[in-house]
Amino acid sequence: GDSVTQMEGPVTLSEEAFLTINCTYTATGYPSLFWYVQYPGEGLQLLLKATKADDKGSNKGFEATYRKETTSFHLEKGSVQVSDSAVYFCALSDGNQGGKLIFGQGTELSVKP
Amino acid sequence: DGGITQSPKYLFRKEGQNVTLSCEQNLNHDAMYWYRQDPGQGLRLIYYSQIVNDFQKGDIAEGYSVSREKKESFPLTVTSAQKNPTAFYLCASSNRQGAVYEQYFGPGTRLTVT
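Sequence lines, in order, name chains A and B.
Per the numbering used here, the very first residue in the first sequence carries number 1; after that it's consecutive.
Per the numbering used here, the very first residue in the second sequence carries number 114; after that it's consecutive.
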């Protein structure tokens, strides 16, 4: 079945460092891909999405490009802030089961001042 | 403000009791979902509903039940048959845009069963 694999955390960076969180997926069709962010004790917020190959999703300085050839959707940010500390989830939806999301296990990011 | 509300934020129950978690949305979304989150893991789908009076089992439906009598409401009951009910429960809703369902999540309910 479909699956998502993320790099393990925690990831610890200094403020203004460059961020990459790797995400690869396995899917039989052409899924939509998402990044969600979860702050402590809260629900998930949609960060960005891409719905077809070579699409780039971007929001709040974060970017991710849908790479069909490498089945990847890595999250990047050029300069992280302390306020970016959170858990980041990569997810896919193939449109089946009512648009069910299949999640990676999450990557915790900690940014130090 | 449009959004999804879940109540309560924290819930404590004794083993053997059923408990119902509330989820309400005012986004006018057709589809609603319940996910379960365990520490250090991604979310897993419990139930989903694409339309009023219809719902489908997700990947881990055993020990749970739902109803969808109104478009804006999708309550989840955790029954005594659920073997490991302690978890963080998240409700979501979405509308379909072509082949894409963009899901929005509520703040979650943390259930502790002792």
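Glycine residues also receive a C-beta, built at the ideal position from the N, C-alpha and C atoms.
Quick caveat, the model's predicted, so the values are computed rather than measured.
Should the segment 79 to 87 of chain A be regarded as contacting the segment 123 to 136 of chain B, the criterion being three or more beta carbon pairs within less than 8 Å?
Touching, no, given that fewer than three Cβ pairs across the two stretches are closer than 8 Å.
Neighbourhood of residue 7 (chain A) by C-beta distance below 7 Å, restricted to the same chain and skipping five residues each side:
Once the five neighbours on either side are set aside, the close Cβ partners of residue 7 (chain A) are 21, 22 and 107.
Any C-beta of chain A sitting closer than 9 Å to the C-beta of residue 156 (chain B)?
Chain A places a beta carbon closer than 9 Å to that of residue 156 (chain B), counting this residue as a contact.
Please state whether DSSP places residue 80 (chain A) in a helix, a strand or coil.
Here DSSP, grouped into helix, strand and coil, assigns residue 80 (chain A) to coil.
Assuming residue 191 (chain B) is part of the beta strand (DSSP E), what are its boundary residues?
Run containing residue 191 (chain B): 189 to 191, per the beta strand (DSSP E) assignment.
Run through chain A and tell me which residues come within less than 7 Å of residue 220 (chain B), C-beta to C-beta.
Those are 42 and 43, listed as they occur along chain A.
With DSSP collapsed to three states, give me the class of residue 1 (chain A).
Secondary structure at residue 1 (chain A): coil, using DSSP grouped into helix, strand and coil.
Note down, in chain order, every chain A residue with its Cβ under 7 Å from the Cβ of residue 207 (chain B).
99, listed in chain order.
Member of B:159, B:121 and B:123 whose CA lies at the smallest distance from the CA of residue 192 (chain B):
Considering only alpha carbons, the answer is B:159.
Which partner residues does residue 146 (chain B) have in the DSSP bridge list?
In DSSP, residue 146 (chain B) forms a bridge with B:161 and B:205.
Sheet register partners of residue 223 (chain B) (DSSP bridge)
DSSP output for residue 223 (chain B) lists B:123 and B:201 as bridge partner(s).
At a Cβ threshold of 9 Å, is residue 65 (chain A) touching chain B?
Residue-level contact check: residue 65 (chain A) does not touch chain B, since none of the beta carbons of chain B fall below 9 Å from its beta carbon.
Could you check what DSSP says for residue 99 (chain A) in three-state terms: helix, strand or coil?
It is helical.
Who are the near neighbours of residue 150 (chain B) in its chain, counting only those whose CB is closer than 7 Å to its CB and skipping five residues on each side?
Closer than 7 Å at the Cβ level, and outside the excluded window around residue 150 (chain B), lie 156, 200, 201 and 203.
So with Cβ pairs under 9 Å, would you call residue 91 (chain A) a contact of chain B?
For residue 91 (chain A), the answer is yes, since a Cβ of chain B falls inside 9 Å of its Cβ.
Given that residue 95 (chain A) touches chain B, what residues does it touch there, using C-beta distances under 8 Å?
Those within 8 Å of residue 95 (chain A) in chain B are 212, 213 and 214.
Listing by chain order, which chain A residues have their CB less than 8 Å from the CB of residue 153 (chain B)?
What residue 153 (chain B) touches in chain A: 105 and 106.
Cβ contact check for the segment 4 to 19 of chain A and the segment 64 to 79 of chain A: 3 or more pairs under 8 Å
Touching, yes.
Quick one: measure Cβ to Cβ for residue 217 (chain B) and residue 46 (chain A), integer angstroms, because I've assumed they're closer than 8 Å.
Right, the Cβ-Cβ distance comes to about 7 Å (below 8 Å), so this counts as a contact.
Counting contacts by CB-CB distance shorter than 9 Å, is residue 49 (chain A) in contact with chain B?
Interface residue, yes.
Return the Cβ separation of residue 50 (chain A) and residue 33 (chain A) in integer angstroms, given the expectation that the two are a contact with Cβ distance under 8 Å.
Confirmed, about 5 Å.
Examine chain B for any beta-carbon lying closer than 9 Å to the beta-carbon of residue 4 (chain A), and answer yes or no.
Residue 4 (chain A) counts as touching chain B.
Spatial distance of residue 180 (chain B) from residue 81 (chain A) (CA atoms):
Using only the alpha carbons, I get a separation of about 42 Å.
Distance cutoff 9 Å, beta carbons only. Does residue 217 (chain B) sit that close to anything in chain A?
At a cut-off of 9 Å between beta-carbon atoms, residue 217 (chain B) makes contact with chain A.
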